[in-house]
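First up is the structure itself, then whatever we jot down about it.
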Ligand code: HEM
């Protein structure tokens with residue numbers, strides 16, 4: 001995202017919700033995830049890489065979406081998020097698209113550029129998925145069942161942050177992305 005008003009408001013929303021003080025809220029959830037990781041290791045040590053991946057995604061999702069930890073639907077969501085991480089990593093790999101080397105290709109009409117159509121399709125698909133994740137938090141918040149998390153806070157203060165549902169959905173998804181692949185890689189070292 002280029003620097004600008006939207007960039008600044010998203011950064012502010014992120015910093016307000018993931019600073020050192022707010023991070024204390026997520027400690028119990030992180031400790032629980034760490035215990036769960038150890039139990040997975042004992043049960044199925046060979047699949048350790050997968051356990052790290054799941055733990056990283058699940059912890060990030062706890063902070064961002066306030067997912068309950070023991071919940072089979074969480075695993076489906078983790079699988080979804082991991083799919084997003086995979087798609088984004090593949091798309092952003094240097095050299096994946098010639099347009100990075102020849103920026104003038106941006107002016108090629110969509111009907112001649114499959115990569116543009118693919119990008120649009122992916123954006124539409126992920127907008128729907130991320131919107132659904134966000135709406136789930138909203139429904140839980142309305143029935144008083146949401147756990148403290150970044151999305152609940154942004155929805156509650158959307159006026160203060162001047163953010164649309166679409167922006168909240170994408171910020172949340174990108175934060176899970178930022179916090180999943182990085183942590184998985186780090187744990188794998
Ligand atoms: C071991 C784990 C992690 C590593 C190695 C890592 C690495 C980095 C690096 C190198 C940057 C600076 C990028 C730049 O400005 O060029 C960054 C920024 C950022 N990371 Fe991480 N990160 C990790 C975990 C996380 C987690 C768990 C989250 C949130 C859930 C997160 C959210 C962010 C955000 C929001 C920024 C932008 C900060 C700003 O510009 O104000 N990261 N990270």
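Residue numbers (the UniProt record's numbering): 1 to 189. Where a beta carbon is used, it is the ideal one built from N, C-alpha and C, also for glycine. Since we're looking at a predicted model, the values are computed, not measured.
Starting from residue 22 and walking both ways along the alpha helix (DSSP H), at which residues does that stretch end?
-> Along the chain shown, read from residue 1 onward, the residue named residue 22 stands at position 22. Here residue 22 belongs to no alpha helix (DSSP H), and DSSP marks it neither H nor E.
Sorted by chain position, which residues of the same chain lie with C-beta nearer than 8 Å to residue 190's C-beta, five sequence neighbours on each side aside?
-> Summary: the structure shown does not reach residue 190, with the chain confined to residues 1 through 189, and so no result is reported for it.
Three-state secondary structure assigned by DSSP to residue 122 = Numbered from its first residue, the chain shown carries residue 122 at position 122. In the structure shown, residue 122 sits in a helix (DSSP, three-state: H, G or I).
As assigned by DSSP and simplified to three states, the class of residue 65 = One-based indexing of the chain shown puts residue 65 at position 65. Residue state, collapsed to three classes: helix.
For residue 155 versus residue 138, is the C-beta spacing smaller than 8 Å?
-> For the purposes of this step, residue 155 is taken as the residue at position 155 of the chain shown. For the purposes of this step, residue 138 is taken as the residue at position 138 of the chain shown. A contact, by the Cβ cut-off of 8 Å.
heavy atom of ligand 1 below 7 Å from residue 152 C-beta | The residue you call residue 152 lines up with position 152 of the chain shown. Checking every heavy atom of ligand 1 against the Cβ of residue 152, none is found closer than 7 Å.
Check whether the Cβ of residue 63 sits closer than 7 Å to any heavy atom of ligand 1, and report yes or no.
-> Taking the chain shown and counting its residues from 1, one reaches residue 63 at position 63. Residue 63: yes, Cβ under 7 Å from ligand 1.
How about residue 57: is its Cβ closer than 7 Å to a heavy atom in ligand 1?
-> Position 57 of the chain shown, counting from 1, holds the residue named residue 57. Outside the cutoff, so no.
Out of 99, 34 and 84, state which residue places its alpha-carbon closest to the alpha-carbon of residue 62.
-> What you label residue 62 is simply residue 62 of the chain shown in a count that begins at 1. It is 34 whose Cα lies nearest to the Cα of residue 62.
Determine the DSSP secondary structure at residue 157, reduced to helix, strand or coil.
-> In the chain shown, counting from the first residue as 1, residue 157 sits at position 157. DSSP, reduced to helix, strand and coil, places residue 157 outside both helices and strands of the structure shown, so it counts as coil.
Can you name, in chain order, every residue of its own chain whose Cβ lies under 7 Å from the Cβ of residue 129, other than the five neighbours on each side?
-> Sequence index remark: in the chain shown, residue 129 carries index 129 (1-based). 80.
Residue 58 and residue 85: beta carbons closer than 8 Å?
-> Residue mapping note: residue 58 aligns to position 58 of the chain shown, counting from 1. Residue mapping note: residue 85 aligns to position 85 of the chain shown, counting from 1. Not a contact, by the Cβ cut-off of 8 Å.
Does the beta carbon of residue 163 sit closer than 8 Å to a beta carbon anywhere in chain D?
-> Note that chain D does not occur in the displayed structure, where there is just one protein chain.
If residue 152 and residue 169 are in contact, beta carbons under 8 Å, what's the gap, nearest whole angstrom?
-> Counting from one through the chain shown, the residue named residue 152 turns up at place 152. Counting from one through the chain shown, the residue named residue 169 turns up at place 169. Actually they do not touch by this definition, with Cβ atoms about 13 Å apart.
Look at residue 10 and residue 181 and say whether their C-beta atoms are less than 8 Å apart.
-> Against the chain shown, residue 10 aligns to sequence position 10. Against the chain shown, residue 181 aligns to sequence position 181. Cβ distance not < 8 Å, so residue 10 and residue 181 don't count as in contact.
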